[in-house]
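Notes to accompany the following structure.
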Amino acid sequence: RELYALFAQQPIDAFVSGHDHDLQHLTIDHPGVGTQIVSGAGANRSPVQRYGLDFLWLNRLGRLLGLRDVLPAPRHEMEFGLGGEIDAPDLSGYGFAVVTPDGSELVVDYVDPWRDGALYTARVDRAPGRD
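Structure below.
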């Protein structure tokens, strides 16, 4: 929660993090940062959770119960997620994200060395005043 409080004071284009077996693009319901880019190895260990009792689902449940102020993170939506043999048995397991500034936006390509071209491309609006 402290990190998101900092983002509210000083808006940023995107929050970039790593995870050992996932590639993800998340949109965030927050005034200081609207995107989280997760660049991990994309290793074939476990599939990305989309349903069930994962962290994002628990956040949604907490909001329904009126616990918004005690939750660790604002509302997130997964736009793209890849990780594990179920999601991508034909990939190397060594994927990564390439972030390129392009005028008023960031272009994020999620790539794998066994594939030509991007697996997924996200276009992220830059934070105001950062053009």
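Positions 23 to 153 (our numbering) are the ones given, in order, by the sequence shown.
C-beta: ideal position from N, C-alpha, C; glycine also.
None of the values given here were measured: they were computed from a predicted structure.
query                                                                                                                                                : result
Put Leu113 into one of helix, strand or coil per three-state DSSP.                                                                                   : coil
Reducing DSSP to helix, strand and coil, say where Leu141 ends up.                                                                                   : coil
Which residues does DSSP pair with Gly88 in a beta bridge?                                                                                           : Answer is none; Gly88 lacks a bridge partner.
Under a Cβ-count criterion, where at least 16 other Cβ atoms within 10 Å of its own Cβ denotes burial, should Leu45 be classed as buried or exposed? : buried
Between the beta-carbon of Met100 and the beta-carbon of Leu48, is there less than 8 Å?                                                              : yes
Nearest by alpha-carbon distance to Ala119: which of Leu113, Leu141, Ser126 and Trp136 is it?                                                        : Leu141
How far does the beta strand (DSSP E) with Leu119 in it extend, from its first residue to its last?                                                  : Leu is not the amino acid found at residue 119; the sequence shown has Ala there. Segment Phe118 to Asp124, the beta strand (DSSP E) holding Ala119.
When you compare each of Thr57, Val55 and Ala149 to Ser126 by their alpha carbons, which one comes out closest?                                      : Ala149
For Val130, which of Ile59, Leu28 and His43 has the nearest alpha-carbon?                                                                            : Ile59
Please identify the residue among Ile50, Gly40, Tyr116 and His41 whose C-alpha is closest to the C-alpha of Pro33.                                   : Ile50
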